[in-house]
Amino acid sequence: MTLGISQVTVYVEDQQRAVDFWSRKMGFEIVRDMPYGEHRWIEVQPPAGGTRLVVAKAGPDWPALVKDMPNYVMFHADDIVKTHQELAARGVEFTQPPSRQPWGWSAVFTDDDGHLFHLGQR
């Protein structure tokens, strides 16, 4: 049996703001953007390929978006210090700059909706 992860969904308040963040600041490619009911179905993919993020509109009757709590989504880079510098220059906010941990290098950044994500070094 072969299993993999094709998509991870991130629920946001404003889809266009999220698309701008992931495409302009993070450098992701928009691979799908089409009508989906009253909203849009949007998939973005990291520059190196791999698992896509689905940028989905959170419904008004859904629980409040959890902020200030890291998503268990970890992005990786070949050189975390250089990647941190490039992303910070594009306006990505880091709540934790790169630091060496017992398990390896780690950093934490936030998107424009306040979700926290990890960045590790390959």
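For what it's worth, my numbering labels the leading residue of the sequence shown as 9, then goes sequentially. Just so it is clear, CB atoms sit at the ideal spot from N, CA and C, and this is done for glycine as well.
The beta carbons of F29 and D120 sit about 5 Å from each other, so the pair counts as a contact at 8 Å. Taking C-beta atoms as the reference points, Q23 and R48 count as a pair closer than 8 Å.
For E94, the uninterrupted alpha helix (DSSP H) run begins and ends at 88-97, by DSSP. Pairing P106 with L124, the inter-Cα distance amounts to about 14 Å. Here G57 is not near H84, since their CB atoms are 8 Å or more apart. In this structure, T59 keeps its C-beta atom at 8 Å or more from the C-beta atom of V20.
Residue environment for E51: buried (at least 16 other C-beta atoms within 10 angstroms of its C-beta).
Here the alpha carbon of W111 sits roughly 32 Å from the alpha carbon of A64.
Here F102 carries a strand assignment [DSSP, helix/strand/coil].
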